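Here is the structure we will look at, set down as structure tokens.
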């Protein structure tokens with residue numbers, strides 16, 4: 071089945087810097103790659119997603135890139151703010167194309 | 027966006043008892059719902075896929091007789107943790123796909139087994 075690897079597990083940046091989180095997936099049939107932000111004790115919130123027919127997508131300070139050949143995708147957050155501090159999860163859909171398989175998460179800390 | 031509601035948000039029970047968690051899609055019909063489990067400081071692990079009107083599909087390593095799933099209608103799936111033990115204490119989250127394919131999560135249910 072699908073396996074998603076995520077790096078780094080923790081990331082500390084200064085306010086205003088950029089943050090990059092990288093994920094790789096194993097199943098070449100996966101075609102949907104969302105990123106979630108989860109604050110302590112709360113449900114994951116979708117922040118951006120990308121499908122396999124595009125290579126990059128941007129929404130204000132957040133962007134995601136996808137390299138299908140290499141089977142990796144990355145989250146880029148620019149001009150980070152303290153409120154960006156949270157755990158971020160990447161995910162890829164499974165073979166059936168419905169359920170999501172999650173990476174292990176990255177704890178992002180933005181200090182002011 | 028679509029709304030998925032989960033109840034209860036937290037529950038404390040004694041070891042050996044059973045606990046039922048409900049997951050409802052409030053403004054859309056969901057033929058398929060998913061149940062995840064999240065231990066502290068860990069990722070979301072897919073437990074099972076709940077299919078309306080048929081048996082759930084369980085992921086490897088998840089005991090189907092311990093985690094009973096019932097998807098009786100297009101808007102409701104339930105997860106029953108039977109004979110709960112302290113190691114079952116976790117954050118259980120359901121999710122459902124809306125027409126666009128986006129996955130929406132319930133609020134989560136924090137189970138503590140004493």
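Protein chains in written order, with the working numbering: chain X, 71 to 182; chain L, 27 to 140.
All C-beta atoms, glycine included, are put in the ideal place defined by N, C-alpha and C.
Note that the structure is predicted; figures quoted are calculated from it, not measured.
Next on the checklist: Report the CB separation of residue 49 of chain L from residue 68 of chain L in whole angstroms; it is logged as a contact under 8 Å.
Outcome noted: Reading the second chain from its first residue, position 23 is the one you call residue 49 of chain L. Reading the second chain from its first residue, position 42 is the one you call residue 68 of chain L. That pair is no contact at about 21 Å.
Next on the checklist: Using a Cβ-Cβ cutoff of less than 7 Å, which residues in the same chain neighbour residue 84 of chain X once the five nearest sequence positions on both sides are dropped?
Outcome noted: Mapped onto the first chain, residue 84 of chain X falls at position 14. For residue 84 of chain X, where only same-chain residues beyond five positions count, the Cβ hits under 7 Å are 181.
Checklist entry - How many angstroms separate the CA atom of residue 52 of chain L from the CA atom of residue 124 of chain L? => result Mapped onto the second chain, residue 52 of chain L falls at position 26. Mapped onto the second chain, residue 124 of chain L falls at position 98. Approximately 11 Å between the Cα atoms of the pair.
Next on the checklist: Against residue 171 of chain X, what residues of chain L qualify as contacts under a CB-to-CB distance less than 7 Å, listed in chain order?
Outcome noted: For the purposes of this step, residue 171 of chain X is identified with residue 101 of the first chain, where counting begins at 1. Correct list: 72.
Checklist entry - Who does residue 145 of chain X pair with in a DSSP beta bridge? => result Walking along the first chain from the start, residue 145 of chain X turns up at place 75. Paired residue(s): X:91 and X:134.
Item to check | Which of helix, strand or coil DSSP assigns to residue 34 of chain L | outcome: Within the second chain, numbered from 1, the residue matching residue 34 of chain L stands at position 8. Residue 34 of chain L: coil per DSSP, three-state reduction.
Checklist entry - When we look at the beta-carbon of residue 113 of chain X and count the other beta-carbons within 10 Å, is it buried (16 or more) or exposed? => result As a first step, residue 113 of chain X is located in the first chain; it is residue number 43 there, counting from the start. Buried.
Checklist entry - Does the distance from the CB of residue 41 of chain L to the CB of residue 108 of chain L come in under 8 Å? => result Against the second chain, residue 41 of chain L aligns to sequence position 15. Against the second chain, residue 108 of chain L aligns to sequence position 82. No; because the gap between Cβ atoms is not below 8 Å, this pair is not in contact.
Checklist entry - Below 8 Å, can you find three or more Cβ-Cβ pairs linking the region 82 to 97 of chain X to the region 142 to 150 of chain X? => result yes
Checklist entry - Buried or exposed: where does residue 91 of chain L fall if 16 or more other Cβ atoms within 10 Å of its Cβ makes it buried? => result Walking along the second chain from the start, residue 91 of chain L turns up at place 65. Classification for residue 91 of chain L: exposed.
Checklist entry - Among L:47, L:34 and L:77, which has the Cα closest to the Cα of residue 58 of chain L? => result On the second chain, position 32 is the one that residue 58 of chain L refers to. Checked all of L:47, L:34 and L:77; the closest Cα to residue 58 of chain L is L:77.
Item to check | Selection of the region 109 to 129 of chain X by Cβ proximity to chain L, strictly under 9 Å | outcome: 111, 112, 113, 114, 115, 116, 119 and 121
Checklist entry - Whose CA, out of X:157, X:96, X:179 and X:164, lies closest to the CA of residue 105 of chain X? => result Here residue 105 of chain X corresponds to residue number 35 of the first chain, with the count starting at 1. Nearest C-alpha to residue 105 of chain X: X:157.
Checklist entry - Ordered along the chain, which non-local residues of its own chain (more than five positions away) have a Cβ less than 6 Å from that of residue 63 of chain L? => result As a position in the second chain, residue 63 of chain L is number 37, starting the count at 1. Once the five neighbours on either side are set aside, the close Cβ partners of residue 63 of chain L are 71, 73, 116 and 118.
Checklist entry - By how many angstroms is the C-alpha of residue 119 of chain X removed from the C-alpha of residue 100 of chain X? => result Looking up residue 100 of chain X in the first chain gives position 30. Looking up residue 119 of chain X in the first chain gives position 49. C-alpha separation (whole angstroms): 13 Å.
Item to check | residue 152 of chain X versus X:102, X:170, X:177 and X:135, residue with shortest Cα-Cα distance | outcome: In the first chain, residue 152 of chain X corresponds to position 82, counting from 1. Per the Cα distances, X:177.
Checklist entry - If you count every other CB in all the chains shown that lies within 10 Å of the CB of residue 98 of chain L, and 16 or more means buried, which is it? => result In the second chain, residue 98 of chain L corresponds to position 72, counting from 1. Exposed, by the Cβ-count rule.
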